[in-house]
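As given, the protein sequences belong to chains A and B, one line each in that order.
Start counting the first sequence at 369; every next residue gets the next number (this note's numbering).
Start counting the second sequence at -5; every next residue gets the next number (this note's numbering).
What follows is a set of notes on a single structure, which appears directly below.
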Amino acid sequence: MNTIEQQLWDYIDGNLDDASKKAIEEKIESNTEIKSQYEDLLKLNLVFDGLDLDEPSMSFNRNVMESIALVPAPVAMKTKVDKKIIYGIGGFFVVSLLAILSYVFYNANLEMPQFDLKVNFDFNLEKYITSTAIYAFLFADLVIGLIFLDQFLRKKVAQK
Amino acid sequence: MEQKPTDLELIQKVLNGETDQYALLVKRHQRFVFTLALRFSKNREDAEEIAQDCFVKAYKALGTFKQTAKFSTWLYTITYTTAMTFLRKNRLDTTSIHDESTILQLENQTSSFNANCYERQDSHAFLNIAITQLLPDDAAIITLFYKGEQSLEEIGEALHMEPNTIKVKLHRARQRLKEKLQYLLKDEVKELL
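Below is the structure:
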C-alpha cells in the first residue's frame, strides 16, 4: 500500500529519503489536487497534534506511593557484564586450546610402536616413596584440612 | 531558575535509596500512562487500576531498566503488557467498532455528544470523542505518536510490533480518525480542518 496519501503522510512525518522527498515535493508543486490534499493533511496533522491527555484522579500519585511503600526498594544491578568481555574470554580459551592442540599434533610421533606384551611387574616402591614425596603428600593433606576447617568455621559464623 | 532533573537522574536517586523521588517520576508520566491505559480499557476506573499497577511494576523492576533507552518507552511497554493482562483477566468488551451492535451504541453516543460539542465549538473535544471510538490499538498508536513523542521504532518496541506494521497501522488509524471526525462533525468538519 503506497498511495499518494500515504506518501504525503510520510513526507509530513519526515520518513522519506532525499530522492522520495524531492519527488513528492515536485508532485505537490505541479499538481493542484495533490497540493490541496497535502494542505488538508497538514491541517489534520495539526488537529491530531492537539489531542488532549486525560488526567487521573487527584489521589492517583498518593495511591501509587502508598502501594510502593509496601514493596522492597529497588536496587541497581551491581554488575553490568559487557558481552564483549565474555566473548573475549571465550575467544582466548578457544585460541589457547587450538594452540596447545596444534603444538601437540606437530610434536607427536604418529607412528605406532610395536605392541609389546612384556609387562614388568617388578615394582621398586622405595624408588618412588622418597622423603620429598611424603612431605608433599602431607603438605597437600594439610592444605585440604585447612580448607575444610575454613568452610566449617564459616558455616558456624553464618548460623550465628 | 533550577533545572528539572531528568528521568535518568530521578531513577538514579530512587536506586540510591531516595524512594520518595519516584513520586516525581509518577507525576511526570501519570497523564500519559493513564491516557494510554484508557485507550485500551475505555473505562476510567479500570484505566486508573492499570496505570497504578503499571507504576508499581515499573518501580519493582527499576533496577533492571537499561539506561540506554528512554524511560518513557520502557514505561509504555509495561503499560501495554499490563493493560493486555488486565483485559485478558477481566474479559472487558474490546470488540471491533465495526460490529453492528457497537455502531448502534456509537450512534447513540454521538447524538448525546453533539449537543455539548456544538456549544463548546472545541475541536479538541471532537477529537477526544473520535479517538475513544477507535480500536484500542489504533487509539494507542495515535496517542503514542502525537503525545508520547515516540518514533515508529519506539512505538513498535512498546506495542511488540515491527516498525513497518506500526507505520501501516498509523496510516489506517489516521484515516479512521478522520472518518470518525467527519461522522461526528458532518459539514462542520471543513471548518475544523
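Ideal Cβ placement from N, Cα and C applies to all residues, glycine included.
query, result
"Count the C-beta pairs between the segment 24 to 32 of chain B and the segment 134 to 142 of chain B that are closer than 8 Å, then say yes if the count reaches three, no if not.", "yes"
"With a CB to CB cut of under 7 Å and the five nearest residues on each side skipped, what residues in its chain are close to Ala124 (chain B)?", "Leu171, Lys174, Leu175, Leu178"
"Indicate whether the contact test is met: 3 or more Cβ pairs, each with one atom in the segment 463 to 478 of chain A and one in the segment 76 to 84 of chain B, closer than 8 Å.", "no"
"Does the segment 140 to 153 of chain B come close enough to the segment 53 to 61 of chain B that 3 or more CB-CB pairs lie under 8 Å?", "no"
"If we cut at 9 Å on Cβ distances, does Asn84 (chain B) have a partner in chain A?", "no"
"Helix or strand or just coil, what does DSSP make of Gly418 (chain A)?", "coil"
"Among the residues of its own chain, which have a CB less than 7 Å from the CB of Thr67 (chain B), if the five just before and after it don't count?", "Gln144, Glu148, Glu151, Ala152"
"Give me the Cα-Cα distance between Val162 (chain B) and Ala41 (chain B), rounded to the nearest whole angstrom.", "27 Å"
"Using a Cβ-Cβ cut-off of 6 Å (strictly less than) and excluding sequence neighbours within five positions of Leu32 (chain B), which residues of its own chain qualify?", "Ala41"
"Going along chain B, which residues have a C-beta under 8 Å from Asp417 (chain A)?", "Tyr140"
"Tell me the start and end of each unbroken alpha helix (DSSP H) in the segment 133 to 164 of chain B that is at least 4 residues and wholly inside, in chain order.", "146 to 153"
"Is Ala45 (chain B) close to the ligand PLP? I mean its beta-carbon at under 8 Å from any heavy atom of the ligand.", "The ligand PLP is absent from the structure shown, which contains no ligands of any kind."
"At 9 Å on the CB atoms, spell out the chain A contacts of Glu42 (chain B), in chain order.", "Pro424, Ser425, Phe428, Asn431"
"What residue from B:Thr71, B:Asn84, B:Phe120, B:Phe80 has the CA that sits closest to Met155 (chain B)'s CA?", "B:Thr71"
"Could you check how far apart the C-beta atoms of Leu419 (chain A) and Trp377 (chain A) are, in whole angstroms? I think they sit under 8 Å.", "Contact doesn't hold; Cβ gap of about 16 Å is too wide."
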